[in-house]
Amino acid sequence: MTNNNEEKNLKGIQRYYTRTLQSEHGNNYYIEPKDTCPMDVLNDKERFVILTFDKKDDYIVIDDKRYYLNKYNSIKATNKIQQRVAIVDLKELKKSKTYPFDNDYRRQYTSQFKNFDELKNLAKQQWLVNGAPYIKQVAMYNEKEQRCRYYYEPSCDRRIAIA
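Here the sequence shown is numbered in the working numbering, starting from 919 and rising by one per residue.
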């Protein structure tokens, strides 16, 4: 549990979202709003969105500009798979430094959007499904193969979450 001083020093999405561990290994968890998240932030239909992105790039593309996902504008799920998932704070993402994007470097899971209005509409669609978005990550271990696979349960329809 964080004390009030630590809570005040948090910046960006860290003020509103947390990763709640559900297993002893730390690979089953929820990325969800904090209990202390203000109601006006929680009910902002156009603020938080669940997106996918390519593990190799760590960015999304908006209006032919790269926006890197970092600890201030997003909380990411596992880095063990190529198609990663994150909850993104669009207000914080808008403040991020941008870089030009060349479509020749597009990868399989690079998410691209025309503009921030498109992302706000996507956030609104996701919010209407189940309120403030969250992601549940479940690790499923296969004894026979000695491998762990990850399964995601977003709070919205998967078709909406994947760009």
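Built from N, CA and C at the ideal position, the CB exists for glycine as well. Predicted model only: the values in this text are computed from it and were never measured.
Annotation for Asn1048: the continuous alpha helix (DSSP H) segment containing it runs Phe1034 to Asn1048. Looking at the DSSP output, Asn1060 bridges to Arg1065. The Cβ-Cβ distance between Thr996 and Tyr1068 falls below 7 Å. Between the alpha carbons of Tyr1017 and Glu942 lies a gap of roughly 39 Å.
In this structure Gly944 is exposed. Its beta-carbon is surrounded by fewer than 16 other beta-carbon atoms within 10 angstroms. Here the C-alpha atom of Cys955 lies approximately 32 Å from the C-alpha atom of Asp982. Its chain contains Phe1019 and Gln1030 as the residues whose beta carbon lies nearer than 6 Å to that of Val979, once the 5 sequence neighbours on both sides are disregarded; these appear in chain order.
Note: Arg937 is bridge-paired with Ile949 in the DSSP secondary-structure output.
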